[in-house]
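If you're matching positions, the sequence shown starts at 1139 in our numbering and goes up one per residue. Virtual Cβ for every residue (Gly too), placed ideally from N, Cα, C. This report refers to the structure that appears directly beneath it.
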Amino acid sequence: AHVPEFDPLKNPPKLVLIQGPPKSGKTTLLKSLVKHYTNQAIKDPKGAVTVKTSKKQRVTFYECPNDISSLADLGKIPDIVLTLIDASIGFEMQTFEFLSVLQIHGFPRCMGIVTHLDYYKDNKKKAKVKNLLRRRFETEVAKETKLFFMSGMKNALYNFKDVHNLA
1139 AHVPEFDPLK NPPKLVLIQG PPKSGKTTLL KSLVKHYTNQ AIKDPKGAVT VKTSKKQRVT
1199 FYECPNDISS LADLGKIPDI VLTLIDASIG FEMQTFEFLS VLQIHGFPRC MGIVTHLDYY
1259 KDNKKKAKVK NLLRRRFETE VAKETKLFFM SGMKNALYNF KDVHNLA
């Protein structure tokens, strides 16, 4: 049987923009996703990183710089946005500004990723914070929006199960 050749022009990569405040875990998430898809570790990703996720699909991950100009420019082009939220801080003004930019440009698929949950040792307090963040994110984005919770880290990457579920 003839197997059609993969044509990168007919199948351009999906652009996944990773956005969040400083120290929220953007680079760690990028490294974790690359490790998940390629089983290769990258130390210090710079610029766009494209990985093959299946026989016919590639994904380009790009970590959004934290200035308003970059947020405004990059909010126009992604297929999917992963917005990181530091659970120990909550929503920051920059996140709301970026969500406003996305709204102006038609809101691509947007998923919230909550990091630093290990800050909370008390499970009741952690559950309360998770519910508060979930309700606020649904209010700001949409009811059907997904909010993922990264439960922890191992070897400087997010837990495999969390990354697998996100991917």
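### Pair within 7 Å by beta-carbon distance, Phe-1275 and Gly-1244
Working through the sequence shown from its first residue, we reach residue 1275 at position 137. Working through the sequence shown from its first residue, we reach residue 1244 at position 106. The answer is no: Cβ separation not under 7 Å.
### Task
Would you kindly check if the distance between the Cβ of Leu-1285 and the Cβ of Ser-1170 is under 7 Å?
The count along the sequence shown starts at 1 and reaches residue 1170 at position 32. The count along the sequence shown starts at 1 and reaches residue 1285 at position 147. Between Ser-1170 and Leu-1285, the CB-CB gap reaches or exceeds 7 Å.
### Task
Buried or exposed for Lys-1194, please, with buried defined as at least 16 other CB atoms from any protein chain shown within 10 angstroms of its CB.
For the purposes of this step, residue 1194 is identified with residue 56 of the sequence shown, where counting begins at 1. Its Cβ having fewer than 16 others within 10 Å, Lys-1194 is exposed.
### Task
Keeping to the same chain, check which residues put their C-beta closer than 7 Å to that of Leu-1153; ignore five residues upstream and five downstream.
Taking the sequence shown and counting its residues from 1, one reaches residue 1153 at position 15. Only residues of its own chain outside the window of five on either side were considered, and among them Thr-1198, Tyr-1200, Ile-1215, Pro-1216, Asp-1217 have a CB closer than 7 Å to the CB of Leu-1153, listed in chain order.
### Task
Would you please state the rounded distance, in angstroms, between the beta carbons of Glu-1278 and Phe-1234? I believe it to be under 8 Å.
As a position in the sequence shown, residue 1278 is number 140, starting the count at 1. As a position in the sequence shown, residue 1234 is number 96, starting the count at 1. Sure, about 7 Å apart at Cβ, within 8 Å.
#### Entry: Minimum C-alpha distance to Ile-1133 - residue among Asn-1149, Leu-1237, Thr-1176
As displayed, the chain neither begins before 1139 nor continues past 1305, which places residue 1133 out of reach and without an answer.
#### Entry: N-terminal and C-terminal residue of the beta strand (DSSP E) that Leu-1220 is part of
Start at 1 with the first residue of the sequence shown, and residue 1220 comes out as number 82. Unbroken beta strand (DSSP E) run through Leu-1220: 1218–1224.
### Rounded straight-line distance, which links the Cα of Thr-1221 to that of Leu-1168
Residue 1168 sits at position 30 when you count from the first residue of the sequence shown. Residue 1221 sits at position 83 when you count from the first residue of the sequence shown. For Leu-1168 and Thr-1221, the distance between alpha carbons rounds to 12 Å.
### Task
Tell me whether Gly-1158 is buried or exposed, calling it buried when 16 or more other Cβ atoms sit within 10 Å of its Cβ.
One-based indexing of the sequence shown puts residue 1158 at position 20. Classification of Gly-1158: buried, given that the 10 Å Cβ count is 16 or more.
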